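Peer 1: First to last, the protein sequences are chains A and B.
In this text, residue positions in the first sequence follow this note's numbering: the first is 1, and each later residue adds one.
In this text, residue positions in the second sequence follow this note's numbering: the first is 116, and each later residue adds one.
C-beta atoms are modelled at their ideal positions from N, C-alpha and C, and glycine is treated no differently.
Quick caveat: nothing in here was measured; it's all calculated off a predicted structure.
To start, I am sharing the structure in question, which I have written as structure tokens.
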Amino acid sequence: AQSVTQPDIHITVSEGASLELRCNYSYGATPYLFWYVQSPGQGLQLLLKYFSGDTLVQGIKGFEAEFKRSQSSFNLRKPSVHWSDAAEYFCAVGPIKAAGNKLTFGGGTRVLVKP
Amino acid sequence: IAGITQAPTSQILAAGRRMTLRCTQDMRHNAMYWYRQDLGLGLRLIHYSNTAGTTGKGEVPDGYSVSRANTDDFPLTLASAVPSQTSVYFCARDTQYFGPGTRLTVL
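Here it is in structure tokens:
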């Protein structure tokens, strides 16, 4: 069975500092990986996804993620956070080429940004 | 811009009552999903539909049913609500577009 672990429930970072959110997955085949952001009271917005190819993926809002097969990880990074990046972030994994993309989500990491 | 609408925005429901959460998309995409979001658990898939006329069970289907009479609508029904179904429910179209959610409280 597939699973996703986000080890950090909360992270506090100063505005302008770098941010890294960890994501580890368990999956029996080549995974389809995603990062989403959820602002308070809102739905999820897709930041980026990895299917194949270059293991460093660029997304929206200045985020990037690196797929490391040997570590079963897909960590999200941003070089310099803005106050508007305060939100909850979810990593997800799904099957490639399956009928429908039934995603499994991690528990989320809440990011607080200090002025 | 592709959109997903959900209704109602929020609802307080007495246990044992029947409730249907509505989801409508405007891009005629085949695959649609219902998730529930609970603190610390992320989102968990309830039911999905790959195309009109077909549905499937996700990770936590018990107590819920769905139908897909046409491409645009994908309602989720709680036949007899229980307090453990208190949650925020999200409808999604493919992996990219999520609705704004329905916050449901069952008392």
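Within the continuous beta strand (DSSP E) that includes W149/B, where are the two ends?
Peer 2: Counting from 1 along the second sequence, the entry for residue 149/B is found at position 34. Segment 147 to 153, the beta strand (DSSP E) holding W149/B.
Peer 1: Could you tell me whether the Cβ of A99/A comes closer than 8 Å to any Cβ of chain B?
Peer 2: Taking the first residue of the first sequence as 1, we reach residue 99/A at position 99. Note that A99/A has pLDDT 48, beneath the 50 cutoff, so the model's placement of it is unreliable and the number below is only indicative. True, the Cβ-Cβ gap to chain B drops below 8 Å.
Peer 1: Taking just the CA atoms, how far does Y212/B sit from D177/B?
Peer 2: For this step, residue 177/B is matched to residue 62 along the second sequence. For this step, residue 212/B is matched to residue 97 along the second sequence. The alpha-carbon atoms of D177/B and Y212/B are separated by roughly 25 Å.
Peer 1: Using the three-state DSSP reduction, which class does Q200/B fall into: helix, strand or coil?
Peer 2: Counted from its first residue, the second sequence places residue 200/B at position 85. The answer is helix: DSSP assigns Q200/B an H, G or I state.
Peer 1: Step through the CB atoms of chain A and report whether any lies within less than 8 Å of the CB of F189/B.
Peer 2: As a working note, residue 189/B is residue 74 in the second sequence. No, because no Cβ of chain A sits closer than 8 Å to the Cβ of F189/B.
Peer 1: Quick check on the DSSP output: the beta strand (DSSP E) that includes H10/A runs from which residue to which?
Peer 2: Start at 1 with the first residue of the first sequence, and residue 10/A comes out as number 10. Residues 10 to 14.
Peer 1: Within the same chain, show all residues whose beta-carbon is closer than 8 Å to that of T169/B, passing over the 5 residues directly before and after it, in chain order.
Peer 2: Here residue 169/B refers to the residue found at position 54 when the second sequence is read from its first residue. Only R183 meet the Cβ criterion.
Peer 1: Report yes or no: do three or more beta-carbon pairs, one from the region 147 to 157 of chain B and one from the region 194 to 208 of chain B, lie closer than 8 Å?
Peer 2: At 8 Å Cβ cutoff, the stretches touch.
Peer 1: Kindly indicate which residue of A1/A, G28/A, S39/A has the alpha-carbon position closest to the one of L112/A.
Peer 2: Start at 1 with the first residue of the first sequence, and residue 112/A comes out as number 112. Closest option to L112/A, Cα to Cα, is S39/A.
Peer 1: Can you tell me the Cβ-Cβ gap for L160/B and K49/A, rounded? I've got them flagged as a contact below 8 Å.
Peer 2: Translated into the one-based positions of the second sequence, residue 160/B becomes position 45. Translated into the one-based positions of the first sequence, residue 49/A becomes position 49. Contact doesn't hold; Cβ gap of about 17 Å is too wide.
Peer 1: From G65/B to Y179/B, what distance separates their C-alpha atoms?
Peer 2: Any property of residue 65/B remains undetermined from this structure, which presents chain B solely from 116 to 222.
Peer 1: Please look up how many angstroms separate the CB atoms of G16/A and W35/A, rounded, as I've assumed it's under 8 Å.
Peer 2: Translated into positions along the first sequence, residue 16/A becomes position 16. Translated into positions along the first sequence, residue 35/A becomes position 35. Not a contact, Cβ separation roughly 21 Å.
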